[in-house]
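Chains as they are written, first to last, in numbering that gives the first Met the number 0: chain A, 0 to 346; chain B, 0 to 508.
Backbone N, C-alpha and C fix where the C-beta goes; we use that ideal spot for every residue, glycine too.
Only a predicted model underlies this, so the values are computations on that prediction, with no experimental measurement involved.
Okay, so here's the structure we're looking at.
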Amino acid sequence: MNETLVFTISMVFYLLAFVMFSASISLDRNNLYKIARYLIGIGIISASTGLGMRWYSAGHPPISNMYESLVCLSTFLAIAGFLFSYNRPLPMLEGGSAVGSLLMIGIASLFSSEIRPLIPALQSYWLHLHVSLAFVGEACFALAFILSYMYCFRQILVPRNAELISFKERILALSVVAGLPVFFAGGMMLLYFHLKSHPVFIERSSALLYGVILPTCLMAGILMVLTYLFRGAIGEKTEKWLPSLQVLDNLTYRAIALGYPLFTVGGLIFGMVWANKAWGRYWGWDPKETWALITFLVYSAYLHVRLTRGWNGIWTACLSVLGFIVTMFTLFGVNLLVSSLHSYAGY
Amino acid sequence: MRTILHLFVSLKTAVTIICVLTVLSMLGTFVPQSLEAYQYLERYPSIGHWILALGFDDMYHSLAFQACLWFLSVSTLVCILTRWKSTSRKLFSRLQFVTEKEIKAFEMGMILPKLLTETALARFPQKKELPGSVVIALRTSGKSSLLGGMFIHIGFLMILAGGLLGLFYGVEMAVRGRVGEKVPVPELSVVRAARDADRISRTARNIRHFSPDAPILDKYRQEVEALHKAYVDGLASPAFYVEFNNLWVDNHLDERGQVKGIKSWNSAISFVADGETLASGVTMVNQPVSFRDYSFFQASWSKSYRRIVVRVDLLKDNPEWESFVAAGATFPIIVDFEIEKPRSFSWTPLQMVMQDFMPDFRIIDGRFISVSQELNNPAARIVAYDHKGSVAGRAWAFPDDRVMSPSHVSNLPFIFTFVGAEPEFESGLQMAYDPGKPMVWAGCLIFTLGLIMGFYIAYREEWLMIMPNGRILIAITGNRPAESFRQNLQALAAELNEEKNNDQETIKA
């Protein structure tokens, strides 16, 4: 069996899991939530099997190009979401991680899935440590991003007469909730035009447009319209399926506190050690290195802001969202748009 | 002074500097770095002069970026010093400074319904009696977590200090060579002179672009001349030579033995001084070799063809052929050329030069270029000169399987056919010396330890307060959100209640 087929199977399970999580929230059925957990578990098992098959046939861990990186990160995200809500049911977070994993595999299918031997620069055990640890950290950042999005969503559902939330905070929350889907669509369109200008990707760029961008936008649009139409009903049942702002803030912090050391050690420190071994210097201000540093700085700012009185809450949620956008740019934007020593990972 | 101290201690200051550093780092990846001044002015007519004036053409060495780093370093140092007092109190004398009010204010606390026995109190290693007959007891865990932040900040400072050492005293230089070549490696001071000369020259070029008569340019010129002289003198008496003994490529092969891709570029090198080989080794990507102060890393690799073999056939269609061919010559003849090296032959009075060789040639936009270094579509250009040195004719050499009209490929009475070419590798080594590295690695280690201690070990204080009226308050706090201690509080209550029940059973018995 081809591992691409296995990844497609896992995509189907992620999609079914998302539908079940949504159904469990809207119908308020606990048994549907349990089914959704099983479905996402099967999705994780099949994606992990696909990764194992690819590792076996390639002879190296599946983290050497864009296709492998996206599939690997998607699996890590699904696992992180599954484990994070092990003790406490968080259907929105789990549904979000299922959609994130689904999208990542969808985008991965645009890139070549051909197994190629490792280029000399990647033949090092540091590849395993550097990339895999950084990916685990990034999966945690993705969870923090989903939780922060939930935080903003929760904040706009708080009744207007509540004194605790200022007008400025409400506007900020609204711009995150409504702006992020637009930002995602814009980013994907940029990727579409970029790929379209690349001779190898002309045909695949159409797949991105019709297979990823349009369905996602359509789905996000429908969800937004439904949320607006049934805002009253949603607001009433918010307490049941959406944790309080304080809890969401704490969970976001936990996700970042889990991912930050992993990303810093894996992405930056192990990267420095490897760069020193391969290129003779531990730091060279290569765009990829610099963006990894920027990611570290944004999350460092998050951790410091959280300690600053009066700056936490919506501001830290926004920083967490910004941090994840920077993380994604570091991971993919730099490879595709900026020429760097890490360009071998581009396609 | 106090205001300045407050400025450096403030978390808001730290966040602001981090944000400014983030923005500057981002700009550095979008603005092309280390171009010449005129290139910035050409590419960015409206903001080019701002880029140069602010030093953003070399962002990470610019005044703004360095100032931010210094400011952050000082802020970090002040933060370490000021926080040490509260950290050491928590570590060594927590009980001494605690107040009844503080314990009551802890978010995660509860009043126990029943009285506690002495044996339960014994579970708390630290005890103290406050004025008013209030007894407090403390049990802590994960104390190392308190040092996590300290370690992170100290590690960060050490990394910056190591980076600074490398910036001032470190050097990097490229060493390139082919098999058999010996490349001189000068002393460290000499390489530093070359590095400094480059930096000063660049600054001078930028200044000259804006004000060609600036007096400082003379000073810079003198400095560069002195440094250049030091470099030339140093190169004449090198510290040692790097000799390239062997260069080869290992390939990934498929089941049929076909090459799938490059596995490794290998350079066998020796370090030679005074005619004596002092050390030798093999460098490849991810496997450097060190000698004396320097480390050598496999950085680049190129393949070229110096010796090209062609077959020469006579074209008797050319009316002048007899004047180009020596008497008694028989064709075809196999000859070899070295690129750009003139050759004389016994079979012709002409002198011939292979001017160019393209292993994988294409015509793109009317230009002849080689798209790779593999022998996929080779083409060689040969120029013939007569005894006066004038060009007598030109010819192209292609492989046998390219069918072309002779008049299109040669205006000489000869047809040249490509037979083969010997590949020759050139290895590029990155030579580096960085005295700051040990400090950077030590900093990384401390930083990593700090991350583990600070983020993965939770510091917890379990408090027990016995009021004069016999009421018991238990509370838990630490360096995690209060909500995360809820389970610990329940566990503590259960532990103490169990203790009490045990005691009651003992009394009954």
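The alpha carbon of L330/A has as its nearest neighbour, out of W290/A, C317/A, F229/A, the alpha carbon of W290/A. Residues of the stretch 62 to 73 of chain B with a C-beta less than 9 Å from any C-beta of chain A: none at all. The beta carbon of F328/A lies closer than 7 Å to those of W290 in the same chain, with the five residues before and after it left out. Distance from the CA atom of F229/A to the CA atom of F323/A, rounded to whole angstroms, is 30 Å. Considering only A474/B, M351/B, P480/B, the residue with the shortest C-alpha distance to F123/B is A474/B. Shown in chain order are the members of the stretch 3 to 24 of chain B whose Cβ falls below 8 Å from a Cβ of chain A: L10, K11, A13, V14, I17, C18, L20, T21, S24. CA-CA distance, F96/B to R88/B, rounds to 8 Å. Note on S205/A: under 16 other CB atoms within 10 angstroms of its CB, so exposed under the neighbour-count rule. Note that the C-beta distance between G99/A and L76/A is below 7 Å. Burial check for V304/A: the Cβ neighbour count within 10 Å reaches 16 or more, so the residue is buried.
Per DSSP, the beta-bridge partners of S303/B are E423/B. A431/B has a beta carbon lying within less than 7 Å of a beta carbon in chain A.
Annotated three-state conformation of E171/B is strand, per DSSP.
The three-state secondary structure of S108/A, taken from DSSP, is coil.
For K259/B, the enclosing beta strand (DSSP E) stretches over residues 258 to 272. Using beta-carbon distances, N249/A counts as an interface residue toward chain B, with a partner under 7 Å. Taking C-beta atoms as the reference points, E2/A and R53/A count as a pair closer than 7 Å.
In this structure, the CA atom of L244/A is about 7 Å from the CA atom of R153/A. Sequence-distant Cβ neighbours of L94/B in its own chain, meaning closer than 6 Å and more than five residues away, are Q125, K127, L137. Residues of the stretch 74 to 101 of chain B with a Cβ closer than 7 Å to any Cβ of chain A: none.
Nearest to D312/B by C-alpha distance, out of S200/B, K340/B, I414/B, E106/B, is I414/B. In the structure shown, F144/A falls within a helical segment according to DSSP collapsed to helix, strand and coil. Residue contact with chain A for P31/B: absent (no Cβ-Cβ distance below 7 Å to any residue of chain A). At a cut-off of 7 Å between beta carbons, K387/B makes no contact with chain A.
DSSP places M466/B outside both helix and strand once states are collapsed to three, so it counts as coil.
Contact with chain B is absent for R87/A, since none of that chain's Cβ atoms lies less than 7 Å from the residue's Cβ. The shortest CA-to-CA distance from M223/A to any of P180/A, L189/A, R203/A is the one to P180/A. Counting only the Cα atoms, Y37/B lies some 10 Å from L51/B.
Under the three-state reduction of DSSP, L411/B is assigned to coil, being neither helix nor strand.
In summary, H152/B is buried, with 16 or more beta-carbon neighbours lying within 10 Å of its beta-carbon over all protein chains present.
V264/A belongs to the set of residues whose beta carbon lies under 7 Å from a beta carbon in chain B.
When beta bridges are read from the DSSP output, S289/B appears opposite S294/B. M452/B counts as buried, since no fewer than 16 other beta carbons sit within 10 angstroms of its beta carbon.
Out of N250/B, Y304/B, S74/B, the CA that lies nearest to the CA of L10/B is found in S74/B.
For A420/B, same chain residues with a beta-carbon under 8 Å away, outside a window of 5 residues either side, are Y304, R306, I307, V308, F356, P358, L374, P377 in chain order.
Cβ neighbours of E93/A within its own chain (closer than 6 Å, five residues either side excluded): F20, G80, S84.
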